[in-house]
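Asks: Got a structure here, written out as structure tokens. Questions coming.
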Amino acid sequence: MTSLDITFLATGAVTIAAALLAVTTRQLVHSALWLVLSLGGLAGCYLVLGAELVALVQVLVYVGAVVVLVIFALMLTRAPIGPSAEHSTSRLHRALAAVLGAGVSALLLAVLLPLAGREAVARTPVDSSALAGDLFGTWVWPFEAISLLLLSALIGAFSVSRLAGGQTGGPS
Amino acid sequence: MSALELILRAASSLAMLLVLPLLVGQTEHKVMAHMQGRLGPMYAGAYHGWAQLVADGVKFVQKEDLVPAAADKRVFRLAPMLAMVPYLLALAAIPLHPGYAAVEAPASLVFVMAATSIGVLGTLMAGWASANKYALIGALRSAAQLLAYELPMILAVASVALAAGTLSLGGIVEAWSPWWLLWQLPGAFVFLTAAVAELQRPPFDMPIADSEIVFGPYTEYTGLRFALFLLSEYAGIVLFSLLFAVLFLGGWRGPLDDWLGWAWTFGKGFLIALILIWLRVSWPRLREDQLQRLAWLWLIPIALLQLAITAVGVVL
Amino acid sequence: MSERKGIVPGLVKGLATTARTLTRHTQVEEYPHHRPELPARTRGVIALLAENCTSCMLCARECPDWCIYIDAHKETVPATTPGGRDRQRNVLDRFAIDYSLCMYCGICVEVCPFDALFWSPQFEYAELDIRDLLHEKDRLESWVESVPVPPAPDPGAAEVPEVASQRAPARGPRVVGGGAARPARPARPAPSAPPPGDGEG
């Protein structure tokens, strides 16, 4: 095992553990914070594999923006300090979710494991200009489709909030 | 890179983190005092109170470390570190001298932006875990403000990266030319405004507005943990000042930059830090709605316009 | 847009004001290390010149909050000439001002006909216990050293009333129309002591 292997395994283990904790913890805000660690661990995995830019963008977007948004939303609720039973799901739901999660994981593993092979983790530095070339060359249509999707979601959210505001509080 | 060099680089960036914020803090004490017709600290350290912040540090260390009974204790204790460490990481990536930065990363610009975006979490965790309504309100304001100003800042930074054609801070400084001062002026304005907002300093200090919500997210903190928050605020000033100098003022570029490059970087950064202090003394606090309006209706359009101007300039 | 126009000049003005203040001298006096230069008429503490006091009680009676305590007894002064009459005089036993009650109105100083009370700019007599603010006679007398020489009147100012009254022509008998001069009355004796203190306060 090379040191790169060990680093990769360690970051991977941290990611998985944090992800499990994020799902199982009874405290809402802790869940969001474990999510931070999980996403950060994922960025660490990218970093080990040499995809520096992807790792940094992962941190910038997911930790810096998405989780902040999640925590912001949680603060607007009555998320209590300490475990909260009222928000936890029933045993049946939990069992179903576990089965579903295990199923998805098994499917993914079945597809990915044969591809993985047994050779050591290799660091293949990705040049950011090459990445940009791929993104805006080969993958430009999916990229644009995603941006359209986000735009429509934005407009939808905006109109929903305006509509609700118009019904309750009159035009503002 | 030998182990010795590694240790040396780490130690120097740590020293930078510990010394420069004190320097900025002392400057703020004195400049703010004189702008208000006062003298500022005069006694600690005998000569014009130069040791005031050291004395403050000693005081903070001696204070009792209180954790509120209702607080989420682990999160509460962790928050100051999480606010502090990202600035340490980001400071390490700033190039100070031709070919010298404590950490040389190819995409150091993205690295710095990513690191600063983590620092926000410390504030949010502090505000939520304190189990205090003022802290919670402060954290809410903080989150809203940081979400609003992150975008224009990234756009302004993207404009510079576009102009230089690289994501490396060192590369940006090398590509810089004096004519950027005019070309990137709107971007510089947006970046400076967004930086003040990210630092939550007056006039954008709504989240910690001490006359309204005590001290916002930091209300319940005492002793060393409080000092860490303060240190991270001033480290943030250092970071954003140096970053502004590197992005918009050409970092180490200047006469004799083979020898004096580091002095140019620090000099330009110090100038920006002075401007940040000046703004704090001169302007009143923005209200929450004014703050959001400024970000969404002015800064983002200006930043987008800057991107367009930069793109035209690059293509031509 | 118009809103924006209203904001920018204000922001610039704010910056200009602070920058201007930065270049000017500060207003701060570092008090414990540099003594403040107080005007001569500063109302710091009331000093007692006990020799001038006749225990007439005017000050104690005029004091709005009754913070002056005076005890005196009568003493017989034997006649100086054979066959003369013994005289009596008041001897001051206690003169105290309670500075925890005093409101520094200065009425006692104004009302004293014998120039026994003076304002001193000395102000450093804070105490940890409020009862210690009752200054007894010896302490009040100790303030006399810090009483400064009264400043000279401004050029062209009206004469000090005491001086003016001495220089004025003696008043005649009360005749309607202010008629002829009456025989000169002996001038009021000069204050027994020169204004105390040498202004080193």
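Residue numbers (my numbering), protein chains in the order written: chain A, 1 to 172; chain B, 1001 to 1316; chain C, 2001 to 2201.
We put the CB at the ideal spot given by N, CA and C, even for glycine.
Just so you know, these numbers come straight off a predicted model, no measurement behind them.
For THR2076(C), report the span of its beta strand (DSSP E) as first-last.
Replies: Per DSSP, THR2076(C) belongs to the beta strand (DSSP E) from 2068-2077.
Asks: Closer than 8 Å between beta carbons: that is the criterion. Which residues of the segment 1018-1035 of chain B meet it against chain C?
Replies: VAL1031, ALA1033, HIS1034 and MET1035
Asks: From the DSSP output, in three-state form, read off GLY2179(C) for me.
Replies: Note that GLY2179(C) scores 47 on pLDDT, short of 50, meaning its location in the model is unreliable and no value can be drawn from it.
Asks: Sort ARG1074(B), VAL1103(B), LEU1088(B) and LEU1082(B) by Cα distance to ARG1009(B) and report the nearest one.
Replies: Of the candidates ARG1074(B), VAL1103(B), LEU1088(B) and LEU1082(B), the one whose C-alpha sits nearest the C-alpha of ARG1009(B) is VAL1103(B).
Asks: In the DSSP assignment, find the alpha helix (DSSP H) that holds VAL14(A) and state where it starts and stops.
Replies: 3-24
Asks: Kindly list, in the order they appear in chain B, the residues whose Cβ is closer than 7 Å to that of GLY2014(C).
Replies: SER1282 and TRP1283
Asks: For MET1113(B), return the contacting residues in chain F, with the cut-off set at a CB-CB distance below 7 Å.
Replies: The structure shown contains no chain F; its protein chains are A, B and C.
Asks: What does the alpha-carbon distance come out to for the pair PHE1270(B) and LEU1260(B)?
Replies: 15 Å
Asks: Okay, do the segment 1038-1047 of chain B and the segment 1195-1206 of chain B touch, 3+ Cβ pairs below 8 Å being the bar?
Replies: no
Asks: Verify whether the separation of the beta carbon atoms of ARG26(A) and SER84(A) is less than 8 Å.
Replies: yes
Asks: Give the C-beta separation of LEU4(A) and LEU74(A) to the nearest angstrom, bearing in mind that I take them to be a contact with Cβ-Cβ under 8 Å.
Replies: Not really, about 37 Å apart at Cβ, beyond 8 Å.
Asks: Going by DSSP, what residues sit across from TRP2119(C) in a beta bridge?
Replies: ILE2046(C)
Asks: Closer than 8 Å by beta-carbon distance: list the chain A residues that pair up with GLY1198(B), in chain order.
Replies: Per the sequence shown, residue 1198(B) should be read as Glu rather than Gly. The premise fails here: GLU1198(B) is roughly 11 Å from chain A at the closest Cβ pair, so nothing lies under 8 Å.
Asks: Quick check: LEU69(A) and LEU1147(B), are their CB atoms within less than 8 Å of each other?
Replies: Yes, they are a contact pair.
Asks: Can you tell which of ALA2164(C), VAL2149(C) and GLU2136(C) has its C-alpha closest to the C-alpha of ARG2041(C)?
Replies: Residue VAL2149(C) is the option with its Cα nearest to ARG2041(C).
Asks: With DSSP as the reference, please indicate the residues paired to ASP2098(C) in a beta bridge.
Replies: LEU2134(C)
Asks: Between TRP1296(B) and chain C, is any beta-carbon pair separated by less than 8 Å?
Replies: no
Asks: For GLU1198(B), report the span of its alpha helix (DSSP H) as first-last.
Replies: 1185-1199
Asks: Between LEU42(A), ALA22(A), GLY44(A) and GLY40(A), which lies nearest to TRP34(A) when the distance is taken from Cα to Cα?
Replies: ALA22(A)
Asks: Would VAL2008(C) count as contacting chain B if we go by Cβ distances under 8 Å?
Replies: False, the Cβ-Cβ gap to chain B never drops below 8 Å.
Asks: Where LYS1073(B) and ALA1079(B) are concerned, what is the direct C-alpha to C-alpha distance, given to the nearest angstrom?
Replies: 10 Å
Asks: Could you confirm whether any beta carbon from chain B is found closer than 8 Å to the beta carbon of GLY64(A)?
Replies: yes
Asks: State the CB to CB distance for the pair ALA55(A) and GLY41(A), rounded to an integer number of angstroms; the pair is presumed to be in contact (CB under 8 Å).
Replies: ALA55(A) to GLY41(A), Cβ: 11 Å. No contact.
Asks: Taking the alpha-carbon of GLY2014(C) as reference, which of GLY1267(B), TYR1218(B), ARG1285(B) and ALA1194(B) has the nearest alpha-carbon?
Replies: In terms of CA proximity to GLY2014(C), ARG1285(B) leads the group GLY1267(B), TYR1218(B), ARG1285(B) and ALA1194(B).
Asks: Using a Cβ cut-off of 7 Å, pull out every chain B residue sitting near LEU56(A), in sequence order please.
Replies: ALA1107, VAL1110, PHE1111 and ALA1114
Asks: Under the criterion of a Cβ to heavy atom distance below 7 Å, does LEU21(A) qualify as lining the ligand PLP?
Replies: What this structure holds is no ligand at all, so the ligand PLP is not there to describe.
Asks: If I'm right that GLU11(A) touches GLY50(A) with Cβ under 8 Å, what's the distance once you round it to whole angstroms?
Replies: Contrary to the premise, residue 11(A) reads as Thr rather than Glu in this sequence. So it is not a contact: roughly 13 Å between Cβ atoms.
Asks: Using C-beta distances below 7 Å, list every residue in its chain close to VAL2109(C), excluding the 5 sequence neighbours before and after it, in chain order.
Replies: ILE2046, LEU2117, PHE2118 and TRP2119
Asks: State the Cα-Cα distance for the pair TYR2069(C) and MET1035(B), rounded to the nearest angstrom.
Replies: Going by the C-alpha atoms only, they are around 50 Å apart.
Asks: What separation, rounded to the nearest whole angstrom, lies between the Cα atoms of ASP2129(C) and THR2018(C)?
Replies: 43 Å
Asks: Anyone know if the C-beta pair for PRO1086(B) and ALA1115(B) falls short of 8 Å?
Replies: yes
Asks: I need the DSSP call for TYR2125(C), collapsed to helix, strand or coil.
Replies: coil
Asks: Using 8 Å as the cut-off, can you tell me whether the segment 1130-1138 of chain B makes contact with the segment 1275-1283 of chain B, which would need three or more C-beta pairs spanning the two stretches below that distance?
Replies: no
Asks: Could you name the residues that DSSP lists as bridge partners for VAL2091(C)?
Replies: HIS2073(C)
Asks: Is the shortest distance between the beta-carbon of GLU2203(C) and the beta-carbons of chain B less than 8 Å?
Replies: Since the first and last residues shown for chain C are 2001 and 2201, residue 2203(C) lies out of range.
Asks: According to DSSP, simplified to helix, strand and coil, what is HIS1097(B)?
Replies: strand
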